[in-house]
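Asker:
Residue numbers (our numbering): 1107 to 1438.
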């Protein structure tokens, strides 16, 4: 399935989950990205109908309970919605590493632009006078950011283009410039890494994306190299990173009823008048900070100071990144 169709299907599901009324095909076409067309143009409208029929069939094959009906006896055109009770999953107990994997998938979904398109679609529904249920998609917890290097490095690996970037390690004050032919980006123990051929060291290297500073610059032409056949990227990262020992303990204040991922990971949870105090095991403050900031105002670090400082630093980097994007957008 192509990425554009996957995005369209995801946004269609979110759209139909976010309202309890039946939406007509015309309302869906005006709301869901990917269905845009001129309804007065017979050829475009026919193409939309074919696309929509294929997507409905695909959702039903995937087990999505798509219903057809009308909001009232006066509606001449049938509409569509997703049955909430049939679509909802029961509580699923997850181990900490499984919960981390789900959280990573949510971050990737957010970063891929799907959430932005979905938000736009829901705004269109509200503008059209359709009641939107704000609780319908609470299972997708908001994520503030992912590593900015993710998109350019995955694109460079896909197009086989050499890149340069500045990289910092904990025992050095200043970052160093690296030249890399990226083979791929993978996740290992809750962190993202890029693996490839380091031009300056003439050897295979992997780099944690959270330690890439500044912009990733593409310097090579498309198809400029070929990764080794059958290369196992995860094995490279596992060998390089070694085992993770979570000997540290951090105490955070969490909003009641929120941050389900952190609650599954916590070794202790104590409710209180100002929120729930969660005790989280961690290996290094930088990695923990990267996860905590994703929960926005629903989490506040109480101790230790090294984790609190790491969170503050990460938030400053996010703010600076947003300012850069705003300036770049205003210059267009």
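Positions of the beta carbon are idealized from the N, C-alpha and C atoms, including for glycine.
Strictly by DSSP, which residues pair up with residue 1290?
Answerer: The sequence position of residue 1290 within the chain shown is 184, counting from 1. Per DSSP, the beta-bridge partners of residue 1290 are 1301.
Asker: Exposed or buried, which one is residue 1297 when buried takes at least 16 other CB atoms within 10 Å?
Answerer: Position 191 of the chain shown holds residue 1297. It is buried - the Cβ of residue 1297 has at least 16 other Cβ atoms within 10 Å.
Asker: Under 8 Å: do the stretch 1360-1372 and the stretch 1327-1334 share three or more Cβ pairs, one atom per stretch?
Answerer: no
Asker: Can you pull the DSSP bridge partners for residue 1267?
Answerer: Position 161 of the chain shown, counted from the start, is the residue given in the question as residue 1267. Residue 1267 pairs with nothing; no bridge assigned.
Asker: How long is the line joining the alpha carbons of residue 1185 and residue 1170, rounded to whole angstroms?
Answerer: Taking the chain shown and counting its residues from 1, one reaches residue 1185 at position 79. Taking the chain shown and counting its residues from 1, one reaches residue 1170 at position 64. Spanning the two alpha carbons is a distance of roughly 16 Å.
Asker: Can you give me the C-alpha to C-alpha distance between residue 1157 and residue 1321, rounded to a whole angstrom?
Answerer: Locating residue 1157 in the chain shown gives position 51, where the first residue counts as 1. Locating residue 1321 in the chain shown gives position 215, where the first residue counts as 1. Approximately 38 Å between the Cα atoms of the pair.
Asker: Can you list, in chain order, the residues of its chain with a C-beta nearer than 8 Å to that of residue 1119? Leave out the 5 residues immediately preceding and following it.
Answerer: The residue you call residue 1119 lines up with position 13 of the chain shown. Taken in chain order, the residues that qualify are 1165, 1170, 1188.
Asker: Start and end of the beta strand (DSSP E) containing residue 1175?
Answerer: Within the chain shown, numbered from 1, the residue matching residue 1175 stands at position 69. From DSSP, the beta strand (DSSP E) with residue 1175 extends over 1172-1175.
Asker: Does the stretch 1377-1387 come within contact of the stretch 1301-1319, defined as at least 3 CB pairs closer than 8 Å?
Answerer: no
Asker: Alpha carbon to alpha carbon, how far is residue 1149 from residue 1111?
Answerer: The residue labelled residue 1149 in the question sits at position 43 within the chain shown. The residue labelled residue 1111 in the question sits at position 5 within the chain shown. About 20 Å.
Asker: What residues match up with residue 1374 in a beta bridge as DSSP calls it?
Answerer: Residue numbering aside, residue 1374 sits at position 268 when the chain shown is read from its first letter. According to DSSP, which records beta bridges pairwise, residue 1374 is partnered with 1385.
Asker: Mind checking residue 1396: buried by the 16 CB within 10 Å criterion, or exposed?
Answerer: The count along the chain shown starts at 1 and reaches residue 1396 at position 290. Per the 10 Å Cβ criterion, buried.
Asker: In the structure shown, what three-state DSSP assignment does residue 1158 receive?
Answerer: In the chain shown, the residue the question calls residue 1158 occupies position 52. When secondary structure is reduced to three states using DSSP, residue 1158 falls in the helix class.
Asker: How many angstroms separate the CA atom of residue 1423 from the CA atom of residue 1371?
Answerer: Residue 1423 sits at position 317 when you count from the first residue of the chain shown. Residue 1371 sits at position 265 when you count from the first residue of the chain shown. Going by the C-alpha atoms only, they are around 26 Å apart.
Asker: If you drop the 5 nearest sequence neighbours on each side, which residues of the same chain put their C-beta closer than 6 Å to that of residue 1319?
Answerer: Your numbering for residue 1319 matches position 213 in the chain shown. The residues are 1272, 1274, 1281.
Asker: Rounded to the nearest angstrom, what separates residue 1408 and residue 1382 at their Cα positions?
Answerer: For this step, residue 1408 is matched to residue 302 along the chain shown. For this step, residue 1382 is matched to residue 276 along the chain shown. Distance between the alpha carbons of residue 1408 and residue 1382 is about 12 Å.
Asker: Can you grab the Cα-Cα spacing for the pair residue 1117 / residue 1167, in whole Å?
Answerer: Along the chain shown, read from residue 1 onward, the residue named residue 1117 stands at position 11. Along the chain shown, read from residue 1 onward, the residue named residue 1167 stands at position 61. Looking at the two C-alpha atoms, the distance is approximately 17 Å.
Asker: If you run the structure through DSSP and keep just helix, strand and coil, what is residue 1367?
Answerer: Working through the chain shown from its first residue, we reach residue 1367 at position 261. Of the three classes helix, strand and coil, the one that applies to residue 1367 here is helix, per DSSP.
Asker: Using the Cα positions of residue 1331 and residue 1294, report the straight-line distance between them to the nearest angstrom.
Answerer: For the purposes of this step, residue 1331 is taken as residue 225 along the chain shown, with counting starting at 1. For the purposes of this step, residue 1294 is taken as residue 188 along the chain shown, with counting starting at 1. Their Cα atoms are separated by approximately 25 Å.
Asker: Is the beta carbon of residue 1287 closer than 8 Å to that of residue 1305?
Answerer: Within the chain shown, numbered from 1, the residue matching residue 1305 stands at position 199. Within the chain shown, numbered from 1, the residue matching residue 1287 stands at position 181. Residue 1287 sits close to residue 1305, with the two beta carbons spaced by under 8 Å.
Asker: Within a Cβ cutoff of 7 Å, which residues of the same chain sit near residue 1176, ignoring the five residues on either side of it in sequence?
Answerer: Indexing the chain shown from 1 puts residue 1176 at position 70. Scanning its chain for C-beta atoms nearer than 7 Å, with the 5 sequence neighbours on each side dropped, one finds around residue 1176 the residues 1128, 1184, 1185, in chain order.
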